[in-house]
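So the sequences go chain by chain: A, B and C.
Read in the numbering used here, the first sequence has 27 at position 25, and its numbers run on one by one without any break.
Read in the numbering used here, the second sequence has 148 at position 113, and its numbers run on one by one without any break.
Read in the numbering used here, the third sequence has 193 at position 72, and its numbers run on one by one without any break.
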Amino acid sequence: MDDRLRKPFMESTKDMIMQMASVEINEQGEFLDQTEDISSYGVATLVTFVGKVKGRLLLDMEPEVASEIVKQVLGEELNDSKDATFMGMIAELNNIVGGDAITRLNNDMSFGLRLASPAVFTGKNVIISIPKIQSSTMECQTKFGKMRINIAFERGGEN
Amino acid sequence: MKRVLIVDDSPIIHNLLRKVLERNGYEVCGDAKNGKEGVDMYKDLNPDIVFMDITMPVMEGLDAVKLIKEFDPEAKIIMLSAMGDEELKEEAKGLGVDVFLKKPFDDYKIVSAISKVV
Amino acid sequence: MDVKYITPFLDSVKNIMEQFGFEKVERGSIRKKDNMNVDMDTISIVGLVGDVKGNVSYAFSEETAKTIISKMMMGMPVEELDEMARSAMSEFANMITGTAIANLSGIEEVNEVTPTPPSIIYGKEIYMIITPMETLAIDLETDAGKIEVNIGLEM
C-alpha cells in the first residue's frame, strides 16, 4: 500500500490521542500487509469512508488502553468496556481520528472523502475480517497496553 | 453570562463541550442534535454563540448556517467538526462563519474561539 | 426513522436468501434498541454515506451462519467458521448490501447513497454501537434461523 495513503492515519491516530488523552503511541516496526483476519485485543472501533476511493480505519486496543483514553477525555473512570458512554467515547475518538486523517488526504490528494458513522465492538474472542480488501497494520505499544492500527483501501487506493 | 447553543449529533460531544463551556463561565442554553433542530432552537433561544458540527442527519451544519444567517445575519457561529479540509473551510467562510475549529478541542481552543467572535 | 428506509434492508435479505433456496423469511416486530448486546456470533456491518448515512448490521448465530454458507457452497458441510467460511460470509454481506442499495435508490428523496466496505465481526458476548443516534432492531425468522437486522441510519 502507498505510504501516502496509510501514513496520514498513523499520524492522526498519534496526534489526536495525544491531544485528547495525553497517551503516547509508539509504533513497533513498520506497516505490514494484513493477510489474515484480525484477532481483536478487546475493544475495536472502525470507521469507513468513501470518495474517489473507499476504505476503512480500524483501531483495535486492549481494554486498559481504552479505559485510560476514556478516563482522560471524560474525566471519570469507566472500566466496563460494555458501558454505553465508554463505547460511545471510543467511537467518537475514531470519528475524530478518521476525520483528521481524511482531512489530510483530501487536502493533499483531493480525494473528496466523507466518513460514515463510527462503530465500536467489544466481546470475547472477537475476530474482524474485511473481505477482499488490501489492508495494512501497524502494531503499537502504549504505557497502558497494546494497540493496532489497520487501514484498508479498496483496490489498494487506486481510483 | 453569554448563552451558547450546541448543535452536534454526538451526545459525547455535547457532554464534553458543556463541561468546557460551564467551567469557563458560559451557559449552555440549548442542545440540538441536528442542523434543523439547531435552526429552530436558534430562532427560539436567540443565543449569543453557536457551536455547529458539520456532518449531521436531517440537515447538515453548513445548510443550518445558511438558514441561521438568513434569519439573523449577525449570528455568531463557530464550526466544530471532525472534518476540516480547505474546501469545507472555504465554503463555511463564504457563508459567514466566524471561526472554524477542528475536533478535538480543549478549554484554550474553545475560549479563544469565543473571544474572536464576541 | 421512517419505515420506508427500513424495508430495503429487510427485502434485500429476503431476496438473497431466496436466491440460495431458503423459503421462509418472516419479519418480526421493530423495536428500539437500548441494550447494545448482540446475542449472536457473527455480525456483518456495512456503512453508508450520502443522503442516507450510518451503518446497518446483520447478525446471525454460528449455526445460522453455517447453514447459510453451506447452501451458498452447494450443500457442502461447514464444520467451523474458518477463513474460507468467513470469506463466503463476506460475499453474503456484499450481496445483501448491493441489493439493499439498489432498493434504496427507489426512494424519492434518495438521490445518492454509496456503500462503504463491509466488515465481519465474529465472537461471543458481543456488545456494539453502530451509530450515535438510535438503533432499530428487526428480527427476521428464516428456515436457517434468526437474523437480527440492526439499522443505525441518519437522514
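By construction, the Cβ of each residue, glycine as well, lies at the ideal position given by its N, Cα and C atoms.
Computed from a prediction, not measured in an experiment: that's the story for all the values here.
Interface partners of residue i on chain B, CB under 8 Å
{"i": "A/Gln21", "result": "Pro139, Asp141"}
{"i": "A/Ile98", "result": "Ala117, Lys138, Pro139"}
{"i": "A/Met18", "result": "Pro139"}
{"i": "A/Asn109", "result": "Asp120, Glu121"}
Rounded C-alpha distance that separates residue i from residue j
{"i": "C/Asp162", "j": "C/Glu183", "result": "6 Å"}
{"i": "B/Lys71", "j": "B/Ile103", "result": "10 Å"}
{"i": "A/Glu38", "j": "A/Ala154", "result": "13 Å"}
{"i": "C/Glu204", "j": "C/Lys154", "result": "31 Å"}
{"i": "C/Met194", "j": "C/Glu200", "result": "13 Å"}
{"i": "B/Gly131", "j": "B/Val85", "result": "13 Å"}
{"i": "C/Arg207", "j": "A/Ser131", "result": "8 Å"}
{"i": "B/Lys137", "j": "C/Glu139", "result": "47 Å"}
{"i": "A/Gln74", "j": "A/Asp85", "result": "16 Å"}
{"i": "A/Val45", "j": "A/Thr87", "result": "14 Å"}
{"i": "C/Val234", "j": "C/Ala223", "result": "10 Å"}
{"i": "A/Met111", "j": "A/Lys54", "result": "10 Å"}
{"i": "B/Leu123", "j": "A/Met20", "result": "25 Å"}
{"i": "C/Pro129", "j": "C/Ala221", "result": "5 Å"}
Neighbour list for residue i in chain C, Cβ cutoff strictly below 7 Å
{"i": "B/Pro92", "result": "Lys174, Met254, Glu275, Met276"}
{"i": "A/Ile130", "result": "Ser240, Ile242"}
{"i": "A/Asp39", "result": "Glu204, Arg207"}
Proximity test, Cβ basis, 8 Å: residue i and chain E
{"i": "A/Thr124", "result": "Of the protein chains in the structure, A, B and C, none is chain E."}
Expected contact under 8 Å - CB spacing of residue i and residue j to nearest Å
{"i": "B/Leu80", "j": "B/Leu40", "result": "6 Å"}
{"i": "A/Val99", "j": "A/Ser24", "result": "Contact doesn't hold; Cβ gap of about 15 Å is too wide."}
{"i": "C/Lys125", "j": "C/Ile259", "result": "So it is not a contact: roughly 14 Å between Cβ atoms."}
Within chain A, the residues that residue i reaches when beta carbons sit closer than 8 Å
{"i": "B/Ile48", "result": "Glu94"}
{"i": "C/Glu355", "result": "Absent from the model: residue 355 of chain C. The displayed extent of chain C is 122 to 276, so no value can be given."}
DSSP-derived helix/strand/coil call for residue i
{"i": "B/Lys151", "result": "helix"}
{"i": "A/Gln36", "result": "coil"}
{"i": "C/Tyr243", "result": "strand"}
{"i": "C/Ala206", "result": "helix"}
{"i": "C/Thr252", "result": "coil"}
{"i": "B/Asp66", "result": "strand"}
{"i": "C/Gly219", "result": "helix"}
{"i": "B/Asp162", "result": "No statement about residue 162 of chain B is possible, as the shown extent of chain B runs from 36 to 153 and does not include it."}
{"i": "A/Glu64", "result": "coil"}
7 Å Cβ cut-off: residues of chain B touching residue i
{"i": "A/Met91", "result": "Ile47"}
Interface flag, residue i vs chain C, CB-CB below 8 Å
{"i": "A/Thr48", "result": "A quick correction: the sequence has Leu, not Thr, at residue 48 of chain A. A/Leu48 counts as touching chain C."}
{"i": "A/Pro133", "result": "yes"}
{"i": "A/Lys84", "result": "yes"}
{"i": "A/Arg6", "result": "no"}
is_contact[residue i, chain B] using C-beta, thresh 8 Å
{"i": "A/Asp62", "result": "no"}
Proximity test, Cβ basis, 8 Å: residue i and chain A
{"i": "B/Glu121", "result": "yes"}
{"i": "C/Leu257", "result": "no"}
{"i": "C/Ser211", "result": "yes"}
{"i": "C/Ile137", "result": "no"}
Chain B residues whose Cβ lies nearer than 9 Å to that of residue i
{"i": "A/Leu117", "result": "Thr90, Ala117, Met118"}
Contacts that residue i makes with chain C (C-beta to C-beta distance below 8 Å)
{"i": "B/Asp44", "result": "Pro253, Met254, Glu275"}
{"i": "A/Phe168", "result": "Examination of residue 168 of chain A is not possible in this model, given that chain A is present from 3 through 161 alone."}
{"i": "A/Lys54", "result": "Here the premise fails: no neighbours, minimum Cβ distance about 11 Å."}
Residue i: contacting residues in chain A (beta-carbon distance under 9 Å)
{"i": "C/Met249", "result": "Met89, Ala121, Val122, Phe123, Thr124, Gly125"}
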